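**Student:** The structure under discussion is supplied below as structure tokens; questions concerning it will follow.
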Amino acid sequence: MRYLFLLLFVNSLFAQISNDIYVSRVSSDSVSIINATTITTLSVGNSPQALAVAPDATKVYVPNLLDDNVSVIDTATNTIIATITVGDEPGAIIVSPDGTKAYVTNGNANNVSVIDTASNTVIATISVGNGPSGLNITPDRTQVYVANSGSNTVSVIDTASNTVTATINVGTAPNFVAVSPDGSKVYVVNSTSNSISVISTATNTVTTTISSVGSNPRDLAFTPDGTTVYLANEGDTFVTLIDATTDTVSSTINIGDPSFDVAITPDGSRAYVTTGNVVFINTSTNTVSNTVVLGNGIFIAIAPNTISNLRAVQTRIKFPTQTDIVNTLTWNRPATNGASFNIYRDPALTNLAGSTTGTIFEDHQRIPGTVNSYFITSVDSFGFESLSGISTIQD
């Protein structure tokens with residue numbers, strides 16, 4: 583499957599970028615990197631496709647369809663540090679949750695290349711169905727699900743043995759795959775059936791089919807809490823919202839144009855939907871918050887701006903009548919998106935411990951014998967916030 587993209591960026595985009603966004607540009611054989619202040623364009627291989635970000639956000643992997651290879655980008659320098667030869671017409675890639683392996687579908691070779699990310703070499707090639715397109719991996723790293731658009735099946739790869747352990751019949755022309763954050767279910771988009779097959783990862787069987795999701799559905803993404811799925815529809819002018827607890831369509835959002843790709847920020851606050859433009863959706867209200875003219879059909883991957891050298895130290899300050907237990911956090915700023923920082927005590931980011939414009943935070947009067955977890959978010963100059971670091975201190 584081949585795509586042609588043209589991107590024309592405008593400054594209004596910047597106000598809603600709190601993470602780095604990597605966009606493959608097939609027509610110019612390049613990748614554009616967008617952050618809160620700048621756009622950088624990097625030359626890659628011939629016809630770059632659906633790219634993926636490593637879990638630690640240090641690398642981006644770009645399959646180049648017509649060069650039969652993968653470009654590896656160092657996100658600290660935004661330079662190519664390796665080029666990996668894979669199979670014929672690589673079209674999609676996913677990185678394992680621990681960052682040790684990457685899996686690439688080779689659409690014209692009917693197989694998947696397994697890359698060792700430490701050595702940047704292919705360590706296995708796994709035969710799957712006809713025309714493998716999209717793929718995804720379970721959070722526990724044990725299974726990879728591959729949509730075979732030419733055989734209307736999904737191949738299930740056991741990552742320990744690098745073998746196909748199950749083949750699941752789904753709808754017609756399956757093309758994109760998403761795994762729920764808890765790893766219990768897989769959503770497979772059937773582009774010709776206009777449906778989604780829901781697969782139980784425990785049994786590797788289709789448990790239900792969600793019909794009438796939209797015309798020619800394409801990419802989809804779960805929110806981080808696993809409650810909602812956002813689905814792009816190439817044949818309609820709306821984005822479909824699916825209640826992932828009931829596996830039913832809950833609503834639609836009119837965006838005015840057909841859509842192709844979806845990416846959701848790590849904190850779940852926004853969805854980026856590509857049309858020919860990029861549409862920004864506020865996920866708390868499910869309304870369009872901005873539309874930026876970019877061009878024609880885009881693959882997007884989000885790289886969170888993580889803080890570095892995060893350290894946590896606990897000290898005890900003794901007074902005549904009490905002891906103050908103090909947890910001190912220190913860190914280095916991310917390259918972008920670090921105007922200020924919020925420190926929360928819960929992953930839902932509701933229990934605010936404090937805020938700072940610096941890179942040190944002290945949390946006083948902690949309770950003895952307890953575990954204290956901290957979730958640090960970076961806030962850019964426009965007020966947009968993204969999760970950047972997590973630390974735990976145990977008394």
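Position 92, counted from 1, in the sequence shown is what my numbering calls 674; the numbers after and before it change by one each time, with no gaps. Cβ atoms here follow ideal geometry from the backbone N, Cα and C, with glycine treated the same way. Note that this is a predicted model, so its numbers are computed, not measured.
1) Along the chain, where does the beta strand (DSSP E) that runs through N891 open and close?
2) Per the DSSP calculation, P714 is bridged to which residue(s)?
3) Is the region 647-659 touching the region 709-719, taking contact as three or more C-beta pairs under 8 angstroms?
4) Among G817, I837, A803, which residue has its Cα nearest to the Cα of S775?
5) Tell me where the beta strand (DSSP E) around A826 begins and ends.
6) Tell me the DSSP secondary structure of V795 in three-state form.
7) For A894, which of T941, S866, L717 has the nearest alpha-carbon?
8) Please work out which residues of its chain come closer than 6 angstroms, Cβ to Cβ, to V677, disregarding the five sequence neighbours upstream and downstream, and give them in chain order.
9) Evaluate R800 with the Cβ neighbour count: other Cβ atoms within 10 Å of its Cβ, from every protein chain shown; 16 or more gives buried, anything less gives exposed.
10) Can you tell me whether I863 is buried or exposed? The criterion is at least 16 other CB atoms within 10 Å of its CB, across all chains shown.
11) On the DSSP bridge list, what partners appear for I958?
12) Taking just the CA atoms, how far does L969 sit from T888?
13) With distances taken between CB atoms, is the gap from I884 to Y854 smaller than 9 angstroms?
14) Applying the 10 Å Cβ sphere with the 16-neighbour rule, what's the burial state of G838?
15) Take M583 and list the residues in its own chain whose beta-carbon comes closer than 7 angstroms to its own, dropping the five residues that flank it on each side.
16) What distance in whole Å lies between the Cβ atoms of V811 and A760, which are believed to be in contact at a cut-off of 8 angstroms?
17) Do you know offhand how far S617's Cα is from S973's?
18) Give me the residue from P950, G936, D945 with the minimum Cα distance to T959.
19) Starting from I949, trace the beta strand (DSSP E) both ways and give me its first and last residue.
20) Might you give, ordered along the chain, the residues of its own chain that have their beta carbon closer than 7 angstroms to the beta carbon of Q976, omitting 5 neighbours on each side?
21) According to DSSP, simplified to helix, strand and coil, what is V761?
22) Rounded to the nearest angstrom, what separates S733 and N693 at their Cα positions?
23) Do you know how far the Cα of V738 is from the Cα of G753?
24) May I ask you to report which of helix, strand or coil DSSP gives F596?
25) If you reduce the DSSP assignment to three classes, tell me which class S606 lands in.
26) Please report the residue range of the beta strand (DSSP E) in which D656 lies.
**Tutor:** Result, derived from the coordinates:
1) 890-900
2) N730
3) no
4) G817
5) Premise fails: A826 is in no beta strand (DSSP E) and is neither H nor E.
6) coil
7) T941
8) A634, A636, A684
9) buried
10) buried
11) I925, G971
12) 8 angstroms
13) yes
14) exposed
15) Caution applies to M583, whose pLDDT of 40 falls short of 50 and renders its modelled position unreliable; the value that the coordinates give is listed next. If we look at M583 and ignore the five residues flanking it on each side, its Cβ neighbours are G673, G689, S715.
16) 7 angstroms
17) It should be noted that the sequence gives Asn, not Ser, for residue 617. The alpha-carbon atoms of N617 and S973 are separated by roughly 25 angstroms.
18) G936
19) Counting along the chain, I949 falls outside any beta strand (DSSP E), and DSSP gives it neither H nor E.
20) V953
21) strand
22) 13 angstroms
23) 16 angstroms
24) Annotation note: pLDDT 33 at F596 (below 50); position unreliable, coordinate value reported separately. Helix.
25) strand
26) 651-656
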